[in-house]
Amino acid sequence: LCHIHPLSSIPHLPSCLNRPMRFLASLPLLLASLASAQTHQADIVIYGGTSAGIIAGIQAAKLGKKVIVVEAGQHIGGMAVEGLGGTDIDNHKEIRNSQAVGGLALEFYRRISLKYNRNGAFDAMLTSHSMDTGLWRFEPHVAEQVFETWVKEAKLTVLRGHRLKESNGVTMEKLKIVSIACENGAVIKGKVFLDATYEGDLLALAGLSFAVGREGNEKYRETTNGLRLDSNHQQLDRKVDPYVRPGVPSSGLIFGVENAPVGKDGDPDDGIQGYCFRLCLTRAANRTPVEKPAGFDPARYELQRRYLAAGGKIDPPSPGVPNGKTDPGSWHILAGNLTGFNHRYPIAGYVERAELLRTARLHIQGLYWYLANDPSVPSATRSAWKQWGLTKDEFTDNGGWPRAMYIRNGRRLVGDFVLNEEHLRRNYPTLIEDSVGLIWWPPDFHHARCIVKDGRVWMEGAVFDSSPTPNWIPCGIPYRALVPKIKECTNLLTPTCPSSSYVAYGAYRIEFTFMTAGQSCATAAALAIDSNAPVQRINLNLLGERLRNQGQVLEVPK
């Protein structure tokens with residue numbers, strides 16, 4: 086107590102100081118109050134303990150900077166520890182994107198392999214340039230162990246349970262963020278700030294320009310942005326009537342179908358692709374059955390019932406991560422994604438987000454129970470689903486459920502440069518000259534809306550191209566996309582909410598890309614501090630040289 090705040094300097098000391106025993110009883114509360122109200126100081130402040138935020142923090146510490154990672158929750162690692170173990174690396178025969186994984190991102194996967202005693206096979210795969218999807222996959226609790234150990238080794242300060250205030254949470258002076266304030270009273274001051282959240286909360290509260298929905302093709306001369314009405318990717322393979330009383334529009338729509346106009350292909354739209362939970366399921370002895378939720382309403386699953394009755398199949402997932410576990414998210418469009426449910430989530434307040442999370446949890450829990458138990462489900466489907474359940478050794482503080490949804494789209498910064506579909510095209514004539522990593526994944530979107538089209542349920546919004554000769558190519562991560570407009574802020578970077586169109590973000594939004602950008606942002610932040618320059622005006626040649634020395638992959642390997 087005296088080391089933090091000498092007693093003589095603390096105003097309004099509690100009267101229990103005159104009653105030793107009562108004071109000792111209240112000491113933990115007093116200490117907690119003082120700690121939460123503390124003012125912290127760092128060179129680099131990172132808001133968001135995602136994989137990008139932790140990697141950025143470790144890199145900043147390696148560079149000798151005083152760094153603080155501020156995390157709203159209690160767990161670090163983002164989606165890597167919230168169920169996304171089936172990472173998108175070398176999992177399509179046409180896409181060998183492991184070549185883009187370098188620097189600390191590669192070290193993360195090496196540390197994962199060490200946990201599984203498969204490091205020999207992992208290094209052999211890298212040496213031979215072969216593809217082995219399984220060597221990149223992991224269980225959530227193993228990823229968390231890796232991050233926790235790494236943070237301790239780096240002596241990285243992580244403030245958990247520190248959520249940014251929704252009002253007056255950011256203090257700015259002369260286009261610079263000076264400090265951020267948390268709900269628990271803590272204030273964190275810094276020279277450079279990183280927004281490493283999936284939602285983009287820091288950049289939004291700092292008043293920076295951002296986008297959320299689909300811009301439409303016209304804005305950036307794109308071809309796959311906006312409404313996607315002609316997409317057959319992951320489309321329902323059975324015709325399903327959308328009305329409560331089949332064939333009667335006046336009876337209303339069944340649950341899950343949006344009452345929205347069809348629109349015109351390529352037009353802008355506020356909707357974004359569906360979120361999901363990346364549950365960790367198992368058929369092994371450590372399985373816990375998914376229980377029927379309180380207030381279960383079978384009407385919520387009428388869409389699934391009609392689809393199954395029409396001969397459609399909703400098979401359970403298959404093991405995709407070590408030890409017979411799986412991380413289902415979207416292997417079937419009616420068994421994971423909450424299409425149309427999450428449009429407001431990125432810009433919603435904390436209370437609304439909590440309610441959306443609760444509602445989503447109840448829905449998916451009810452869906453999995455329905456598929457395993459409801460008499461309307463074909464017996465073979467029920468039997469297959471009954472074998473799967475939650476895993477006792479994952480998410481142990483939350484009853485086997487992830488603490489967060491898979492935020493596939495949050496806010497996107499709008500800077501002086503906007504990454505768009507043109508930069509990803511095979512015929513784009515100009516290389517990205519300020520590359521700080523590689524984007525090596527096609528534009529990838531799940532459906533954004535479940536609507537009525539031509540009298541049937543229609544899934545709208547999916548985009549994916551895995552053809553042997555795709556129209557896209559690996560693209561450099563432009564440093565310009567990671568910084569805001571210079572007229573808005575000169576000391577913020579974001580590895581997770583780049584300045585990009587909706588379509589371009591669909592190629593960017595991979596965990597290893599976030600990690601790569603996190604390391605690059607931290608290196609750039611240190612360079613901005615050392616040169617006393619705005620983040621938009623650092624020496625990019627020097628940044629590239631330092632990143633290459635760190636093992637980052639900035640160009641497509643020959």
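When you line the sequence shown up against the numbering used here, it's residues 86 to 643, in that order. We treat Cβ as the ideally placed atom computed from N, Cα and C, and that holds for glycine.
query = Going by the beta-carbon positions, is the gap between Gly495 and Gly285 smaller than 8 Å?
reply = Going by C-beta atoms, Gly495 is nearer than 8 Å to Gly285.
request  = Could you spell out where the beta strand (DSSP E) holding Leu279 opens and where it closes?
outcome  = 277-280
Start and end residues, beta strand (DSSP E) containing Ile273 = 272-274
message = Beta-carbon within less than 7 Å of Glu387's beta-carbon, same chain only, minus the 5 sequence neighbours each way: which residues are those?
response = Ile339, Phe340
key: Endpoints, beta strand (DSSP E) assigned at Arg323   = For Arg323, there is no enclosing beta strand (DSSP E), as DSSP marks it with neither H nor E.
Where the alpha helix (DSSP H) through His50 begins and ends = Nothing about residue 50 can be read from this structure; the chain reaches only from 86 to 643.
query = Just the Cα atoms here: how many angstroms apart are His125 and Gly138?
reply = 18 Å
key: Contacts around Gly171, its chain only, beta-carbon distance under 7 Å, and the 5 residues preceding and following it disregarded   = Arg222, Gly405, Val406, Asp412
Euclidean distance between Cα positions of Lys324 and Ile180 = Note on geometry: alpha-carbon atoms of Lys324 and Ile180 lie some 32 Å from one another.
query = Hey, quick one: how far does the alpha helix (DSSP H) through Tyr435 stretch, first residue to last?
reply = For Tyr435, the enclosing alpha helix (DSSP H) covers residues 435-458.
Member of Thr282, Tyr564, Ile432, Phe530 whose CA lies at the smallest distance from the CA of Val154 = Nearest of Thr282, Tyr564, Ile432, Phe530 to Val154, Cα basis: Thr282.
task = Return the first residue and the last residue of the alpha helix (DSSP H) that Met210 is part of.
result = Per DSSP, Met210 belongs to the alpha helix (DSSP H) from 204-213.
inquiry  = According to DSSP, simplified to helix, strand and coil, what is Trp557?
reply    = strand
task = Tell me the start and end of each unbroken beta strand (DSSP E) in the stretch 603-636 that is at least 3 residues and wholly inside, in chain order.
result = none
ask   = Count the other CB atoms within 10 Å of the CB of Gly337; is the residue buried (16 or more) or exposed (fewer)?
value = Result: exposed.
inquiry  = Let me check understanding here. Comparing Cα to Cα, which of Gly414, Gln604, Ala613 lies closest to Arg633?
reply    = Gln604
request  = Determine the direct distance from the alpha carbon of Ala165 to that of Glu596, and round the result to whole angstroms.
outcome  = Approximately 8 Å between the Cα atoms of the pair.
ask   = Within 10 angstroms of its Cβ, does Asn617 collect 16 or more other Cβ (buried), or is it exposed?
value = Counting Cβ neighbours within 10 Å, Asn617 comes out exposed, since fewer than 16 surround it.
Closest by C-alpha distance to Val537, when choosing among Tyr328, Pro460, Ala206 = The residue among Tyr328, Pro460, Ala206 with its C-alpha nearest the C-alpha of Val537 is Tyr328.
message = Less than 8 Å between the C-beta atoms of Ile262 and Cys574, yes or no?
response = yes
ask   = Which parts of the stretch 281-338 are runs of the alpha helix (DSSP H), unbroken and 4 residues or longer, counting only runs that do not cross its ends?
value = 286-290, 302-305
message = Across the stretch 605-613 and the stretch 291-311, are there enough close Cβ pairs to call them in contact, namely three or more that are closer than 8 Å?
response = Because the criterion of three Cβ pairs below 8 Å is not met, the stretch 605-613 and the stretch 291-311 do not touch.
task = For my contact list, Leu366 and Lys410 are in at a C-beta cut-off of 8 Å; report their separation, rounded to the angstrom.
result = 7 Å
ask   = Start and end of the alpha helix (DSSP H) containing Tyr587?
value = 587-593
request  = May I ask you to report which of helix, strand or coil DSSP gives Glu376?
outcome  = coil
Gly500 and Arg565 closer than 8 Å at C-beta = Cβ atoms of Gly500 and Arg565: closer than 8 Å.
Short CB-CB distance (under 8 Å) between Ile140 and chain B = In the structure shown, chain B does not exist; there is a single protein chain.
request  = For Pro487, count neighbouring Cβ atoms within 10 angstroms of its own Cβ and tell me buried if that reaches 16, exposed if not.
outcome  = buried
task = Look at the alpha carbon of Leu211 and the alpha carbon of Thr256, and state the distance between them as a whole number of angstroms.
result = 46 Å
query = Taking buried to mean at least 16 other C-beta atoms within 10 Å of its own C-beta, is Leu199 buried or exposed?
reply = exposed
request  = Could you have a look at Val227 and say whether DSSP puts it in helix, strand or coil?
outcome  = helix
query = How should Asp355 be labelled, buried or exposed, when 16 other C-beta atoms within 10 angstroms of its C-beta is the threshold for buried?
reply = exposed
query = What are the partner residues of Leu578, as DSSP defines its beta bridges?
reply = Leu279
task = Can you give me the Cβ contacts of Arg104 inside the same chain, cut-off strictly under 6 Å, excluding the 5 residues immediately before and after it?
result = Legend: pLDDT at Arg104 = 44, less than 50; position of this residue unreliable, value from coordinates given subsequently. Closer than 6 Å at the Cβ level, and outside the excluded window around Arg104, lies no residue.
ask   = What's the gap between the Cα of Asp726 and the Cα of Cys267?
value = Residue 726 lies beyond the residue range present for the chain, which begins at 86 and ends at 643; the question has no answer from this structure.
message = Under 8 Å, with one C-beta from each stretch per pair, do the stretch 384-403 and the stretch 437-445 reach the 3-pair mark?
response = no
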